Each structure stands twice: as C-alpha cells, then as structure tokens.
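So the protein sequences, as listed, match chains A and B.
The letter at position 177 of the first sequence is residue 465 when you use our numbering, and the numbering goes up by one with no holes.
The letter at position 487 of the second sequence is residue 775 when you use our numbering, and the numbering goes up by one with no holes.
Everything below concerns the one structure shown next.
Number of protein chains: 2
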Amino acid sequence: MLLRMSNLFLRTLREDPADAEVPSHKLLVRGGFVRRTAPGVYTWLPLGKMVLENVSRVVREEMGAIGGQEVLLPALLPREYYEETGRWTEYGDTLFRLQDRKGADYLLGPTHEELFTLLVKGEYSSYKDFPVILYQIQEKFRDEARPRAGVLRGREFHMKDSYSFDIDEEGLQASYDAHRDAYIRVFDRLGLDYVIVSATSGAMGGSASEEFLAVAPTGEDTFVRSTGSDYAANVEAVATPAPPALPIEGLPEARVHHTPDTATIQTLVDFLNAADLGRDFTEADTLKNILVKTRAPGVDEWELLGVGLPGDREVDLKRLEAALEPAEVALLDEAGFAANPFLAKGYIGPRALLDNKVRYLVDPRVVTGTSWVTGADETDHHVVDLVAGRDFAPDGTIDVAEVRDGDPSPDGQGTLYTARGIEIGHIFQLGRKYTDTFQVDALGADGKPRRVTMGSYGIGVSRAVAAIVEQSHDDKGIVWPREVAPADVHVVGTGKGDQIGEALRIARELEARGLRVLVDDRGGVSPGVKFTDAELLGIPTGVIVGRGLKDGVVELRDRGTGAREEVALAEIVDRAVAACRA
Amino acid sequence: MLLRMSNLFLRTLREDPADAEVPSHKLLVRGGFVRRTAPGVYTWLPLGKMVLENVSRVVREEMGAIGGQEVLLPALLPREYYEETGRWTEYGDTLFRLQDRKGADYLLGPTHEELFTLLVKGEYSSYKDFPVILYQIQEKFRDEARPRAGVLRGREFHMKDSYSFDIDEEGLQASYDAHRDAYIRVFDRLGLDYVIVSATSGAMGGSASEEFLAVAPTGEDTFVRSTGSDYAANVEAVATPAPPALPIEGLPEARVHHTPDTATIQTLVDFLNAADLGRDFTEADTLKNILVKTRAPGVDEWELLGVGLPGDREVDLKRLEAALEPAEVALLDEAGFAANPFLAKGYIGPRALLDNKVRYLVDPRVVTGTSWVTGADETDHHVVDLVAGRDFAPDGTIDVAEVRDGDPSPDGQGTLYTARGIEIGHIFQLGRKYTDTFQVDALGADGKPRRVTMGSYGIGVSRAVAAIVEQSHDDKGIVWPREVAPADVHVVGTGKGDQIGEALRIARELEARGLRVLVDDRGGVSPGVKFTDAELLGIPTGVIVGRGLKDGVVELRDRGTGAREEVALAEIVDRAVAACRA
C-alpha cells in the first residue's frame, strides 16, 4: 500500500515540544511518530506504529529462531500471585493497582514472571516437556516516579518479555546463551551501537544477569568501559582487582597518635602532614570505616556492618545495595551510634569493631601487608601504620567503593572510564525464585520431582525505537536504519508541472518491485517544506522528482550519507531498488 | 516455521472446564487455545495467539482497503477527557478506574472516542485534511458485571476500533458505508454466519447505527428476523407497522361501567365477558396505560409520561429506554402515584392524563377509529368503546410494546421470530457528540469553520474467535475456517515405524510449498489420542501417515466434511496443497 503524504495522518512540527530534552523525544514528536497522551503515556501515529511493528517483527523473528513460542497474557492481573512472590509490596509505588467492581485487587502487569511460571506449571509436568521458551510482545505498565524523554521511559510501554524453563542448570545456561545470541542478532539488525554489561540482579532475585545498553549520552544508566578492551560493566558489577599481598616483615609498628579535631579524612591528612612524622600522607593512606546496618529478608533485627575502604574513596550506595542484596541496607544513623557507645564516631578503627563482634568487611585493595592510618576507637585519636593481616584481620572483602575514571580495568587491559547508556535488553538467570514460590516441579527421568529453573529476558521494544533515534539522527532529523524505517524509499514530487504525477508513477513502480514506498504527492507545498520533512522523517533512500524532470533526470539521495546523484529517469527505478537492497 | 507437537506449548484436555457452558469456551480451553487468568481475563496460548493474529490480519487488510490508517493509543487514559464527555460517570461500574502515584485519576480505555477526537483535533484543521479514518487493534478493558463464556464476554479483550472524521453528512455516510462494506468482507472472510441489524444507539449518543450479529443460540443479544425476507433488527429497533385509520362514524358511544375489582387486565376481561355486554372481549381490546417518569440529561426534575398500549402486550423496558434516550426513564413508583392523586391506579384512562397535562403517547396500533376498553380514572370503573381520535387525542406514538413471534415484519414480508446472536461488530454514525464537546472544527473552503462529524466502528476481535467456534464445531472439536486456522494442514504420524519420520518429511515439503503446517511428531502417543487431538484442534486439512505407509498410501482428511481418502504417497503433497487452496 503506497503511503501518500497527501492523505497520511501526519503533521510534522517545526518546533521542538516544550517538554522535550533529548533528541529522540524531540524528533519522534516533530516527525509525527508519537504524541503524548498523558505523562509517560504515548500514542503511536501511523509512521510510528510502523516503526514499532518493524522492531517487533525483528524481535519475533529472532525469538522464533531460538524456538521461542509466542503467547499473549493479559495486562490486568490478580493481586494474589504477586502477593505470593512479595512483589505486590516490593514494587511499591511503581505498581499500578486497582480494584474491580467487587473490590478485588488487581494490578497492571509490570512484568509477568508470576503468570508465566503458573502457566507452565498448569501445562507441563515431565522432564520430557522441557526446555520451553515462551514470549510475548505486550504493553507493560509501571508508574515511574519520573517518566521522561518521551517513549524512552514511559509508564505504558511496549516490551518483549520471555521466560525460559529448564530442569537443570545446564539447560538454563543454554536457554540464557540462546537469548544472549538472539539479542545480539536483534540489536545488530536494529543498527544499534550497544554494549553488554554484567549487571546485578535488581529486584528480580537470582544470579547471572547481563544488560544490553545502547550507548548514548542521554542514557539513564551509567556504565564503565575500558580504554584497552571491550570490557564493559554496570558500575554495580565492577570487580576491583585486588593487588598482591605485601610482606609484613620489617613494617613499622602501629602507633596511636593524639590527633585532635580530625574527624574527617581531610582534617586528618592535614594534621598528619603538619605533624612532622617523617613522610607525607594522602587520603589514600587512610582507612575509612563506614558503619551501616543490614537486615536479611524476613528478619526483624538489623545487624551492624563495618565497611573499611581507602579514605580517598566514597562508598557507592548502589554498589553497596547490590553487594548486600537481597538484604536491606542503610547508613547507621545517630540513634544507631548512640546505641553502640563503643563506636567513636570519626575515630572508628577495626579494633572496636572486631572486639565487639561487628562484622567487618574491607575494600579489595586492603590486602595483607598494607599499612593504614585509621581510627583508634577513641575520640581525637588515630593509629598510624596499622597493618592488615598483622594488626587486624577483617571478616572478608566487600567491593563497594566508588569506581573512578582511570581505575584499572578488571580484565587487566587499560583503564576504566564512565559512559552512559539506555537499557534496551536484559537477560537474567532467575533460577528457582519463582518456581520455589509456586512449587513447579517436573518429574525427572528417575521418577523423582525436579524443581524447574527459570530465566527471564526483556527487550524494551518502544524504548528501542527511541534508542535508535538517539543514535541515528543529525541536526535535520532522524536517519532510520532500513530494517526499522517506516518505508524504504521516499519519493518526493516537487514543482508545479507533472512532477507529482511522475513521482506517483515512480512510487508505484518501486512498490511493484517490492519496496515500501512513501510518496510526497502533496499539492501546494513548497519544495523546501518537502525536503525539510523528508530529512525529518528519515527514510533511508530518497528520490526527488523536481525541476530536472524536463531534462529527464531525477535525484537519488541517501539520508544517511547525504550523498546526492542525478540519475536518468529511465534508470531511477533500478537504481533506487539497488540502493534499498545494498 | 514448522509447528511440531513434540515441543509445542500445548496440552489438550479431555474434560470440559467446570466453569464452561458454551461450546466455544469449552473447546478453546480444551484445545489449548486459551487459559483463564482471572474472571473474564484470558491468556492466549501459541495456537490461540495465531488465530487471534489471523483474525487481526483480516481486519487490518480490510481496514487498509478502505483507507484506514493504523495507530495505537494507550490503554491508560487520563480521567479529564472522559469527564468532559460525561463518560467517566456514565460508564458506572463498568469502567476500570485507578490512580497513579500522585493521586491523579486514570481509567483503562473501554473505547477511545475521546482520545481519537482529540488526536484529530491536534493534527488537522482544514477541510482539505478530511476525510480520515483511523483505527487500532488493542486490548480494551470493561469491568463487566457478569463476564461469561470465556473470551466471548471478557473484561480484557481485543478489539478493532476505528473512527471516521468528515466535514459533512455526506462524508460521514460515505465513511459509514465504507465500514459497512469492509465489515461484510471481514465477516465473510472469517466464515461467519451473521445478520446486520438496525440498532439503537446505546450510551454512545447519535443516530444511524447497525450491529453485526453472529447467529448463535448461545448469543447474548436477542434480535428478530422475518420468515419472509432478510429483515433483521434489534428488538429495540423494530418499528411496529401502524394499521390504517378506521372510520369513526357509526361507532358506539363511550360508556363508563362499574367494574369492581378489575385492576388487572385479566380480571377486567373476565368481568366484561361475564357482564353480558353483547360481545366477547379479549386483552387486545383493552388499552393499558402505564405511567413512567422521565428526565432529560442535565435536568433535575422528573416528568410524568403515560404510555398507552393494547392490554395484551407488556412494555419492553429495553425498547422504552431506547425510545426515550438520552432521557432516563423509570416506572412510576408508589410515591409517584401518591404525589399525583388524579392517577387512579389500575383504572387510569387517557382523560385524567390529558386533563392534567401529562404527556400521553400510545402504541402505533392505537390509530384513529380504534375502540378501547380503558380506565375511567376512578377506582372500580372502566370506560368501554372509547375511540381514539374521537374521545381522546394522544400527544403522539411510542413504539415500546414487546415484539412477539408472529408479529408482521415491518417490511411487510412475512412475520417476525426471535433469534439470538453474538455482537461481533457495530457501526455507528456518532455525529457531533464528541466534536461538539471538544470543539473540533475544520476551516471550510469558504473560510468558515465547520464542525467535524464522526463515526465510530468496532469489531470484537477476540470475541470473533469465540463466535467462529460457536458456529464452526462439532461434537469432536473445532472446525476452523481456513482463513483463521492456526495451520492449513495437520500432518499426523502414527505408529512405531518410520511414520513419524515420513510425516516430518511430508510436513517440510508442504511447508516448502507455502502451507502453514502443524505436524504431530510425538513419540509414545497412541494413534487414538492423536486423532482425538486433531479433531479437537480443528485444522481444516489432515494428512495421516499411518499403517498404510508400508503400502505407499497415506490418508487425506477434511475436518469439515469428515471426508477421508487414501492417497498415494507420491501424490500426497500435491493433493494436500490442492485441498488447502481449493
């Protein structure tokens, strides 16, 4: 079906929408692909719907290729199953909740682990039934606190979610690997520049997990990359390399110093450097001890935890939460200090923690043989030359210090730097979190029940549309990768003669050759407006039927490179077909 | 992609689900097409999803053929627009309402007139922009009081809704006619037996409206058909033919009779027949006057209305509501009678109504010159031979008496009888109800604003799946029309030899020939089970690779006719292809 701009439900805008900050939001609205209906809730206009469908088609094809079977679950879900897994509560304000006319509680599905688990439990019961991969492409609902950037972070959005069910770890790994490969093919076909980062699990529970991040300065996710390799990871997942242990022999003895008014690292370093101790000190020479409290799920009591790290680094709260998950964690407040008088605030050292049976974990850089200035557990006192492995033995390590540009890459190649990305995919070895809750067993070959193990995998379909635009645009508009473009070729008829008629003729011929064609057949619209619209809409190949027509030539344009070439009218169909199939 | 039953996510059931009463519900669940997630909320399993997609494809194709442009609106909609049209309230308990984290009110879209109207207002402004037809296929949400019959009446369901926008009545009529034709093509392609009935407008407001009803004894909608023509209509829309007026001259004078204890039609008729008045009376000779109260939208005061109709007929409340719409209507209660002492309950006649300025409307059969026994406006008294047009002049007619089997067809051909149907489509000339609310104008050719006029049109996509099964099944299972079947051909390998391998080979060949193939390649499953499943699943063409294989023959089956034929192995692919393309 020829798309004719003379009757296409499309009005482009010259001005950026007032609420738009990022390129994809501006361009998708200006190009008439989407319109805002409510905060974080968007309508897809005809061209936008086509792009969304194209992305969905690519996802379907690649999911089918790994044996994924498409189903469709409802969005309206009963509370009870999410209550059983605890997510009714855990999701907090992010869950849209409602009641039906009888007062029964429902939610709008933010993701469907519970229901897929129950679905498989309902149908399958033998090891012979597995593995199975089920997926759907469906609207999801999350009441984001700050919906932003158009369809980049919406409250109603389109997502492919799939779930794998296996009877053993090897099966789960295979399902996971198949998804990883499928995602690579999907995002390659979508023309996205992306990295695969190790991720922590978030609220899902479980173990191995990777995120696909489309690299974009406007992305909400921070990740680190290496200058010397392909290494990329979520900040939460960066494993700080531990330096080798140092020999203890010959190190000076630990000595306590009176260091008045040095409750901060900076005041301490200044004091030490003014104190003529025969050497210079930096913040990195100090061992800062941070007190937090943690609480395991289902436990009432909070437990103290001391975290020791070099004084030149702060604790990264996201890394801290990820390291302790699924336990809750909070910094110790004044009441907490008051309740534990052995904590000399500002002067806490390993000694008091260990003496008082407070679990004490240290940064991986605090290896045996390293010497530190740290608190002496008495106000206005610090100890110098306290040696790890000689003067104190921590309970283990915890990798929660902030990651900084220039830190060594965990793979030993190059140094790390921070970049930003848009989460477009997430693959996740859930394990048995949900199958335990719902007791999903398969009878094994040996006649014994085996607890089924699960993976869950998501692709943000509508977000991918935005991510593509974030990466593929210029100051004039969108540059759609061909696979997702709403058309292959944009035939523009300009001028007052028979150019429009000729443009329609060429468009029909191109369509007959199997191309998807958008034709600008509008009368009374200037060439300038048509060119501006064409650049904004971003169809990969353009054919301009303009003044050259009288001389038997038309123009072939490439939206991506900007290349323009005059082509004889007789050759344009073949040339345009060739350009679209290149 | 070959659908292989060895790994298809499908488990058929031998027993009907306990909550299922109608065939489509039983068979769609037993055949593994759908599963219940919550009351009126269903999951579509792989084969069901395919059927749903096939129906959607047919709808898309026919919508595209009339120039419909596909868009996709959100399900989560802000209250404000539905408040403006009054539907936030009018929908009552049927609307799913919810609040977001900020306490803002939202609803789940039951239908999208408001949003489409605003969408067009946002983009279009000139008469040159029109007409436009926009549509979407999307989940809709309605909190039905009695969700029933599986996907036949769900609370979350799939619907195609489209909306036409025109600048004049002729345009609206053309858009309406185009939809009517498209719907005929859609339902013909879906293989449905349906009628198109005149409908009243329901809560939508507006004028011309027709419903497409799939004929089915399990349908919720009652309609009437003619024994002598194609006439079909909703009961609400049946127009009772008025008999010709009779001459008044020579008719006996009206006389009041003392008729003690005759407050009901039956006691009255018995009394009259016992009273030796020189003739026999039937209920049809009496004029029953029913008192109701009505209230126009936005008006506080109720108004009295008398409805006069032959005593052998009851008022049909649905017809009454439809006739008075958009006004509210209720039967007058005791308090209402008490407040109007001129109403002698059981003995009300036209006189007191007309004397007291109560609007008085009569059944179309009450024409000038007809004589009636009716109330004398005094307890225990009736008047006999009261002649319409001589002794009383009603304010008009109202066609709200029950329609009965045997009533003459309004088109003069044959008599009416009652049938039941499933509403699968509804087309509706909305007019300017919504464009008035949102002030949607287009600048006319004369430079003056023209108020845009609108149609709205729906197809119940998921309901159509159920309607197809209601009409197309036998005691063994579903018989899918080819256009919507999840596969063209079902190749069944039975036996313990190389039958399954051969079945797979044939299946691949059929697939290479462009057919959609389901192959039963399950090992360890008896032929009987496979045949039972094949009949339940209802794929139109079957190829059975069984014991005959050793003699070089397989069986070709037709699910619809039950025909079976032995075919030489060498010919089966050609024969099956021919059967599928017949």
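Here a beta-carbon is modelled for each residue, glycine too, at the ideal position from N, C-alpha and C.
It should be emphasised that the depicted structure is a prediction, and the values quoted were computed from it without experimental measurement.
Out of the options, which has the shortest C-alpha to C-alpha gap to residue i?
i              : options                        : result
residue 688(A) : 525(A), 766(A), 566(A)         : 525(A)
residue 301(B) : 479(B), 686(B), 737(B), 820(B) : 820(B)
residue 551(A) : 352(A), 830(A), 635(A)         : 635(A)
residue 534(A) : 838(A), 731(A), 657(A)         : 657(A)
residue 809(A) : 481(A), 815(A), 792(A), 796(A) : 792(A)
residue 774(A) : 294(A), 340(A), 328(A)         : 340(A)
residue 727(A) : 734(A), 363(A), 366(A), 410(A) : 410(A)
residue 933(A) : 588(A), 763(A), 672(A)         : Here chain A comprises residues numbered 289 to 870, so residue 933(A) is not present and cannot be evaluated.
residue 706(A) : 353(A), 721(A), 291(A), 520(A) : 520(A)
residue 756(A) : 866(A), 663(A), 783(A), 476(A) : 476(A)
residue 479(B) : 291(B), 377(B), 760(B)         : 760(B)
residue 414(A) : 461(A), 733(A), 612(A), 483(A) : 733(A)
residue 795(B) : 434(B), 313(B), 591(B), 842(B) : 842(B)
residue 714(B) : 529(B), 749(B), 703(B), 677(B) : 749(B)
residue 624(A) : 703(A), 590(A), 835(A)         : 590(A)
residue 699(B) : 514(B), 363(B), 851(B)         : 514(B)
Excluding the 5 residues flanking residue i on each side, which residues of the same chain have their C-beta closer than 6 Å to its C-beta?
i              : result
residue 600(B) : 571, 572
residue 452(B) : 421, 463, 743
residue 639(B) : 665
residue 351(B) : 423
residue 815(B) : 782
residue 646(A) : 592, 594
Please compile the residues from chain B whose C-beta is within a distance smaller than 8 Å of the C-beta of residue i.
i              : result
residue 838(A) : None at all; the shortest Cβ gap to chain B is about 28 Å.
residue 403(A) : 325, 331
Interface residues of chain A around residue i at Cβ under 7 Å?
i              : result
residue 337(B) : 358, 359, 360
residue 804(B) : Within chain A, no residue comes near residue 804(B); the closest Cβ sits about 13 Å away, beyond 7 Å.
residue 366(B) : 326
residue 551(B) : What residue 551(B) touches in chain A: nothing, since even the nearest Cβ is about 39 Å away.
residue 305(B) : Near residue 305(B) there are no residues of chain A at all, since even the closest Cβ is about 12 Å away, more than 7 Å.
Sorted by chain position, which residues of the same chain lie with C-beta nearer than 7 Å to residue i's C-beta, five sequence neighbours on each side aside?
i              : result
residue 318(B) : 300, 301, 304, 824
residue 679(B) : 542
residue 523(A) : 510, 511, 512, 604, 606, 607, 691
residue 368(A) : none
residue 804(B) : 775, 776
Taking 7 Å as the cut-off, is the C-beta of residue i nearer than that to any heavy atom in the ligand PLP?
i              : result
residue 541(B) : The ligand PLP is absent from the structure shown, which contains no ligand whatsoever.
Residues of chain B with CB closer than 9 Å to the CB of residue i, please, in chain order.
i              : result
residue 726(A) : Residues of chain B passing the Cβ test: none, with the nearest at roughly 14 Å.
Between which two residues does the alpha helix (DSSP H) harbouring residue i extend?
i              : result
residue 865(A) : 860-869
residue 428(A) : First-last for residue 428(A): 420-429, but that is the beta strand (DSSP E), not the alpha helix (DSSP H).
Mind checking which residues open and close the beta strand (DSSP E) that includes residue i?
i              : result
residue 673(B) : 669-675
residue 452(B) : 444-454
residue 510(B) : 509-514
residue 582(B) : 575-583
residue 522(B) : 520-522
residue 739(A) : 737-739
residue 716(A) : 704-719
Rounded C-beta distance between residue i and residue j? I'm assuming under 8 Å.
i              : j              : result
residue 381(B) : residue 387(B) : About 17 Å separates the two Cβ atoms, so there is no contact after all.
residue 844(A) : residue 863(A) : 6 Å
residue 502(A) : residue 481(A) : 7 Å
residue 536(A) : residue 675(A) : 6 Å
Counting only beta-carbon separations shorter than 8 Å, does residue i have a partner in chain E?
i              : result
residue 734(B) : Looking at the structure shown, chain E is missing, and the protein chains on hand are A and B.
Residues of chain A with a CB under 8 Å from the CB of residue i: which are they?
i              : result
residue 420(B) : 295, 297
residue 427(B) : 362, 363, 427
Name the chain B residues that come within less than 7 Å of residue i, Cβ to Cβ?
i              : result
residue 774(A) : Residues of chain B passing the Cβ test: none, with the nearest at roughly 12 Å.
residue 381(A) : 389
residue 334(A) : 357, 358, 359
Using a Cβ cut-off of 9 Å, pull out every chain A residue sitting near residue i, in sequence order please.
i              : result
residue 352(B) : 289
residue 444(B) : 362, 363, 364
Between residue i and the rest of its own chain, which residues show a CB-CB distance below 8 Å, the 5 nearest in sequence each way excluded?
i              : result
residue 444(A) : 328, 329, 330, 427, 428, 429
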